[in-house]
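In what follows, a single structure is set out as structure tokens and then discussed.
Number of protein chains: 2
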Amino acid sequence: MDLVQQILDGNVRAIARAISLVENGDPQAVPLIKALYPHAGRAYLIGVTGPPGGGKSTLVDKLIAHYRTQEQKVGVVAVDPTSPFSGGALLGDRVRMQAHATDPGVFIRSMGSRGHLGGLAVATADAAAVLDAAGYGVIMLETVGIGQSEVEVASQVDTTLLVTVPGLGDDVQVLKAGTMEIADVFVVNKADRDGVEKCVIEIEQLLGAREMDESTFLPPIVQVIARDNKGITELAGAIEKHRAHLAAGGRLESRRKQRLRNQVHAIIINKLDRWAHARLTDDMEARENLEGMYLRKTDPYAVAEEILKQLALNDDQ
Amino acid sequence: MDLVQQILDGNVRAIARAISLVENGDPQAVPLIKALYPHAGRAYLIGVTGPPGGGKSTLVDKLIAHYRTQEQKVGVVAVDPTSPFSGGALLGDRVRMQAHATDPGVFIRSMGSRGHLGGLAVATADAAAVLDAAGYGVIMLETVGIGQSEVEVASQVDTTLLVTVPGLGDDVQVLKAGTMEIADVFVVNKADRDGVEKCVIEIEQLLGAREMDESTFLPPIVQVIARDNKGITELAGAIEKHRAHLAAGGRLESRRKQRLRNQVHAIIINKLDRWAHARLTDDMEARENLEGMYLRKTDPYAVAEEILKQLALNDDQ
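If you read the protein sequences in the order shown, they are chains A and B.
Taking my numbering, the leading residue of the first sequence gets 1, the next gets one more, and so forth.
Taking my numbering, the leading residue of the second sequence gets 1, the next gets one more, and so forth.
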């Protein structure tokens, strides 16, 4: 396949086209990824996540600049919650990263999060595989928000940065608690704001409640002011420290195997989700069942069991 | 079943026990929900979602007080992102709602979001069914954050409130775009803050880009200061306006049928997710495949296809 060779040669137009195929769930994407797969596996993947308002785009911008001084090609896949009528807002947000628009060693791409379950995980993993095969040594996956999508994306990287800022209010405490497990490095951005000590102490308290043994990596807390390019070298050092931790004792291999397991799971769920949607929308019986449920003559469990009978599930979980 | 009758009688301990069964995915939950199902369907369900820092708990608190003046029993299910070591933070957040702790007409419950795909949607729908059968006329489902979980919860209510506040920064624009589709009423909380006009204008601009016809409900934008109990009556009026819109022309029936479809889908996906996890962790073959993928001798698509062959998927989606 010509496209495969062009991607391996680092052709930016070919890379962009491949990621579009992946994003759109085009049938051509599967053989393409299969062909690229033996050439991928060399890149280091960094996840960047956290609540909105954390200045993640600016932070990613500065990290790109840092890795470019090390002569590394850098790829970024930014996942945005999308809707049919929000194109403008997303473009506006991404404009900030255009500082690198003329640098051929930097590839930045936004990707929507709509679609079937597992679809985002499959698409981001595949986009990363394209960039990886094309020779990008550092790949960042950026997500806005907190939830299943973020956990899915975090399950596909080597190091996850959790970015927060001082003064986001009480809910952020809850939020941080929910994402603590996926964080390898905590980043407190806008560290010149009031409340930075309180923010750091809150993270330390949550970390203190974590179960530790000698093989546990204690996530460092790095204060940065991304806008002013302050603390970026320290942050890169913290990422490097986590990378070294993984490299020791076969941890990187076991993390990457877990990542592969997650990818297979996402592909399976994506397929089964499509199957379930088709059953629920196409089957005449399902429509009759819908009427029955509305009239409370049957219930969702009974209808689901009926549909699941079509599959020979070989265990009783 | 004795528990069923106790719930129908409005026994609070029985309700709490039923919701625990639901939350823990206990096998006893399914027959319980089936038995309660014919008695549910009378409650009006309101979803409350939005980015962290929006003051949703306080807002819910004031809405409870409003509906209590109308002699309605009010149930609240608050979904928190949970982790094994975050119990304290969650409790802290919920303490704010304890103003109603001694009111037998109010039932408030937090629920974790961990677990299998679809699990949260199943659990919140089932918890709502318990409260519905027990005679709670207004049920609020509150979620923190934005993502798949919020869309899942929004797909299960009659009216969804999207709560935001002025001055959360640029990312919130992106965030709002992602949730615009699920919002029936926009709430701008902390409306005494700087930037409230800008916030309202941004929402109006996003709404302006929406495709409209005469059957479309234009989501009102309501400014409130929940802490000071300001704007709550107006908000309740906006909810009532949406309810009246649904009541006309069979829209409520069609929305509730969509809700039932979503519930069946969540039950199916939850079951299939467990099946997929079992295949990926138990099967010796899957472990060999994992090694093969790590060495790039095979790829995730090939492994997924192999596992999916165990199911008789009767279409090629």
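Beta carbons: idealized from backbone N, C-alpha and C, even for Gly.
Asked: From the DSSP output, which residues share a beta bridge with G112 of chain B?; Found: B:D80
Asked: Hey, out of A:K309, A:R259, A:M284, whose CA is closest to E152 of chain A's CA?; Found: A:R259
Asked: Just the Cα atoms here: how many angstroms apart are L36 of chain B and A302 of chain A?; Found: 13 Å
Asked: Just the chain B side, please: which residues come within less than 8 Å of I307 of chain A by C-beta, in chain order?; Found: V264, I268
Asked: Measuring CA to CA, which of B:G135, B:A312, B:L295, B:H66 is closest to Q6 of chain B?; Found: B:G135
Asked: Are there three or more Cβ pairs, one per stretch, closer than 8 Å when the stretch 258–275 of chain B is compared with the stretch 218–230 of chain A?; Found: no
Asked: I want to verify the contact list: residues of chain A whose CB lies under 7 Å from the CB of E197 of chain B, in sequence order.; Found: The premise fails here: E197 of chain B is roughly 18 Å from chain A at the closest Cβ pair, so nothing lies under 7 Å.
Asked: CB I33 of chain B to CB G75 of chain B, shorter than 9 Å?; Found: no
Asked: In terms of residue numbering, what span does the beta strand (DSSP E) encompassing Q258 of chain B cover?; Found: From DSSP, Q258 of chain B is part of no beta strand (DSSP E) but of the alpha helix (DSSP H) over 251–282.
Asked: Could one say the Cβ of A247 of chain A lies closer than 9 Å to chain B's Cβ atoms, at least one of them?; Found: no
Asked: Under the DSSP definition of a beta bridge, which residues are partnered with F217 of chain B?; Found: Bridge partners of F217 of chain B: none, in fact.
Asked: Output needed for S86 of chain B: all residues of its chain with C-beta closer than 7 Å, excluding positions within five of it in sequence on either side, in chain order.; Found: Here S86 of chain B scores only 37 on pLDDT, less than 50, and its place in the model should not be relied on; the value that follows carries that caveat. Taken in chain order, the list of residues that qualify is empty.
Asked: Pick out whichever of B:P38, B:E142, B:P31, B:L161 has its Cα sitting closest to the Cα of I239 of chain B.; Found: B:L161
Asked: Could you tell me if I201 of chain A is buried or exposed, where buried requires 16 or more neighbouring beta carbons within 10 angstroms of its beta carbon?; Found: exposed
Asked: Tell me the DSSP bridge mates of K309 of chain A?; Found: None, per the DSSP bridge assignment.
Asked: Looking at the structure shown, is V187 of chain A part of a helix, part of a strand, or coil, going by DSSP?; Found: strand
Asked: A121 of chain A and N262 of chain A: beta carbons closer than 9 Å?; Found: yes
Asked: Between the Cα of R256 of chain A and the Cα atoms of A:Q310, A:Q156, A:P166, A:A78, which residue gives the shortest distance?; Found: A:Q156
Asked: Restricting to Cα atoms, I'd like to know which of B:D158, B:I221, B:A209, B:L141 is closest to T164 of chain B.; Found: B:I221
Asked: Within the same chain, show all residues whose beta-carbon is closer than 7 Å to that of D54 of chain B, passing over the 5 residues directly before and after it, in chain order.; Found: It is Gly, not Asp, that sits at residue 54 of chain B in the sequence shown. Once the five neighbours on either side are set aside, the close Cβ partners of G54 of chain B are V163, T164, V165, N189.
Asked: Using 10 angstroms around the beta-carbon of P104 of chain B, count the other beta-carbons present and answer buried if the total reaches 16, otherwise exposed.; Found: exposed
Asked: Here's a check: name, in chain order, each residue in its chain whose Cβ is nearer than 7 Å to the Cβ of K73 of chain A, leaving out the five neighbours to either side.; Found: G105, G135, Y136, G137
Asked: Mark A312 of chain A as exposed unless 16 or more other C-beta atoms lie within 10 angstroms of its C-beta, in which case mark it buried.; Found: exposed
Asked: Please check the pair D132 of chain A and A43 of chain A, which I expect to be a contact at CB under 8 Å, by giving their CB distance rounded to whole angstroms.; Found: 4 Å
Asked: Can you name, in chain order, every residue of its own chain whose Cβ lies under 7 Å from the Cβ of L246 of chain B, other than the five neighbours on each side?; Found: D158, L252, R255
Asked: Spatial neighbours of G320 of chain B within its chain, please: CB distance less than 7 Å, with the 5 preceding and 5 following residues excluded, ordered by chain position.; Found: Outside the shown range of chain B (1 to 317) lies residue 320 of chain B, about which nothing can therefore be said.
Asked: To the nearest whole angstrom, what separates the beta carbons of V22 of chain B and A123 of chain B, a pair I think is in contact under 8 Å?; Found: 5 Å
Asked: Would H129 of chain A be called buried (16 or more neighbouring beta carbons within 10 Å of its own) or exposed?; Found: According to the sequence shown, residue 129 of chain A is Ala rather than His. Counting Cβ neighbours within 10 Å, A129 of chain A comes out buried, since at least 16 surround it.
Asked: What's the C-alpha gap between K62 of chain B and E234 of chain A?; Found: 45 Å
Asked: Rounded to whole angstroms, how far is the Cβ of I203 of chain A from the Cβ of F186 of chain A, which I believe are closer than 8 Å?; Found: 5 Å
Asked: Thinking D194 of chain A and H242 of chain A are a contact (beta carbons under 8 Å), I'd like their distance in whole angstroms, please.; Found: Between H242 of chain A and D194 of chain A the Cβ distance is about 29 Å, and since that is not below 8 Å, they are no contact.
Asked: For a test of the three-state rule: what should DSSP assign to G50 of chain B, helix, strand or coil?; Found: strand
Asked: Between the C-alpha atoms of G208 of chain A and M140 of chain A, what's the straight-line distance to the nearest angstrom?; Found: 28 Å
Asked: Can you find a C-beta in chain B that's less than 9 Å from the C-beta of A302 of chain A?; Found: yes
Asked: Less than 9 Å between the C-beta atoms of I307 of chain B and L290 of chain B, yes or no?; Found: no
Asked: Only counting the same chain, and skipping five residues up and downstream in sequence, which positions put a Cβ closer than 6 Å to that of H66 of chain A?; Found: I232, A236
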